[in-house]
Amino acid sequence: GGSTIDASTVKADAKALVELLSTKYNATATALDDGFPGITGHLWLGEDTAEGAISALTPLLERNKKKIKTLLDEAAVLEAAAEGATEPHILAELLPQQWANFIRSGPMDEVKPLGTVASP
Numbered sequence: 002g003g004s005t006i007d008a009s010t011v012k013a014d015a016k017a018l019v020e021l022l023s024t025k026y027n028a029t030a031t032a033l034d035d036g037f038p039g040i041t042g043h044l045w046l047g048e049d050t051a052e053g054a055i056s057a058l059t060p061l062l063e064r065n066k067k068k069i070k071t072l073l074d075e076a077a078v079l080e081a082a083a084e085g086a087t088e089p090h091i092l093a094e095l096l097p098q099q100w101a102n103f104i105r106s107g108p109m110d111e112v113k114p115l116g117t118v119a120s121p
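Here my numbering is used: the first residue of the sequence shown is 2, the next is one more, and so on.
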């Protein structure tokens, strides 16, 4: 079987993860939306250097922003599940990759009650 984890620990961890990812997402979005004021207003960087840095950082931050958003959405689902606000079939729809992994490799005593059948 699986290990037992205290539900309050899962709830607290999920909430902390959502808060952390929200902070990271907002910081990334703000940097992109505001045009990197920390770089453009830096005393020791000339305009050409600042523009070069911004050109190099923008695609990286855009990709990271999308990745953080995906993680944030998944963490929010986890938080709702930890609160008991989500049924298993809804989780399966919202997190299909994680659900498939659980069904394939999860402990049979936890998978079987969900209506799945073992492969022959």
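Ideal placement from N, C-alpha and C gives every residue a C-beta, glycine not left out. Fair warning: this is a prediction, and the values are worked out from it, not measured in the lab.
In the three-state DSSP reduction, Pro114 falls in the helix class (H, G or I). Fully enclosed beta strand (DSSP E) runs of no fewer than 3 residues are not present anywhere in the stretch 16 to 50.
With a contact defined as Cβ atoms closer than 8 Å, Leu96 and Glu75 qualify at about 6 Å. The Cβ-Cβ distance between Leu58 and Leu33 does not fall below 7 Å. The DSSP-derived three-state label of Gly53 is helix. Burial check for Ile69: the Cβ neighbour count within 10 Å reaches 16 or more, so the residue is buried. Excluding residues up to 5 positions away in sequence, Lys66 lie with their Cβ nearer than 7 Å to the Cβ of Ala30 in the same chain.
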